[in-house]
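> First residue of the sequence shown? That's 88 in our numbering, and the numbers climb one at a time after it.
We put the beta carbon where it would ideally sit given N, CA and C, even for glycine.
If you're wondering where the values come from, they're calculated on a predicted model, not measured in any experiment.
Below: one structure in structure tokens.
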Amino acid sequence: MRNYVIGIIIVLLIVGALAYLYFSGYFYTVKVDGIRVSYQNDLLVKYIRTTYSNSTFSLHGGRVMELTLNMSSSILPTQISGISISPPFRIYSISPSIPFTIKSGSYELINITIVAPMGNYNGPISIIINGQPTL
């Protein structure tokens, strides 16, 4: 009888460990092989430039990753009113908080913390920026 109880406890521990790994996204692989930045407002294309780092990375499902965008404005100040990301990813936080203004001739570093999907993924991420030049 004692061996059965020990066996059941061992099985429950193994099942619990596997459930933890499954629900924490360990069995899912998310591979991002590029970032595509687009603008909802055609005026932004003329007045703003966006560069980024860490465009290829790999992580487990459900984990968070920080992307850094370097946005610079040319001759006009530009107000950024929204940033979104393509599904199945979700935005966890954006710093500085939206809306914010980039002064003419200067730049702003934008940190976007994203949450990876709870499933396998292999492909690029699309980031959509909305805003307009201001006077």
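Would you call the region 162-169 in contact with the region 214-222, where contact means no fewer than 3 C-beta pairs closer than 8 Å?
They touch, by the three-pair rule.
> Is the region 192-201 in contact with the region 101-112, if contact means three or more CB pairs nearer than 8 Å?
With the cut-off at 8 Å, the region 192-201 and the region 101-112 do not touch.
> Which of the three DSSP states is assigned to R89 in this structure?
Numbered from 1 along the sequence shown, position 2 holds the residue referred to as residue 89. The answer is helix: DSSP assigns R89 an H, G or I state.
> Looking at the structure shown, is F110 part of a helix, part of a strand, or coil, going by DSSP?
Start at 1 with the first residue of the sequence shown, and residue 110 comes out as number 23. In the structure shown, F110 sits in a helix (DSSP, three-state: H, G or I).
> Quick test of your reading: I214 and Y179, contact by CB under 8 Å. State the CB separation rounded to the nearest angstrom.
Stepping through the sequence shown from its first residue, residue 214 is reached at position 127. Stepping through the sequence shown from its first residue, residue 179 is reached at position 92. Going by Cβ atoms, the distance from I214 to Y179 rounds to 14 Å, so no, they are not a contact pair.
> Given a threshold of 16 other Cβ atoms within 10 Å of its Cβ, counted over all protein chains shown, does F110 qualify as buried or as exposed?
On the sequence shown, residue 110 is found 23 positions in, with the first residue counted as 1. By the neighbour-count rule (16 or more Cβ atoms within 10 Å), F110 is not buried but exposed.
> For M158, write down the residues that DSSP places opposite it in a beta bridge.
Indexing the sequence shown from 1 puts residue 158 at position 71. In DSSP, M158 forms a bridge with T137, E195.
> Taking only three categories from DSSP, how would you classify L146?
Residue mapping note: residue 146 aligns to position 59 of the sequence shown, counting from 1. Looking at L146 - three-state DSSP - the assignment turns out to be strand.
> Count the other C-beta atoms from every protein chain shown that fall within 10 angstroms of the C-beta of S160, then say buried if there are 16 or more, exposed otherwise.
The sequence position of residue 160 within the sequence shown is 73, counting from 1. Under this definition S160 is a buried residue.
> If you draw a straight line from the C-alpha of M152 to the C-alpha of V132, how long is it?
Sequence index remark: in the sequence shown, residue 152 carries index 65 (1-based). Sequence index remark: in the sequence shown, residue 132 carries index 45 (1-based). Computed Cα separation, rounded: 27 Å.
> With burial defined as no fewer than 16 other Cβ atoms inside 10 Å of the residue's Cβ, what is the status of I199: buried or exposed?
Against the sequence shown, residue 199 aligns to sequence position 112. That one is buried.
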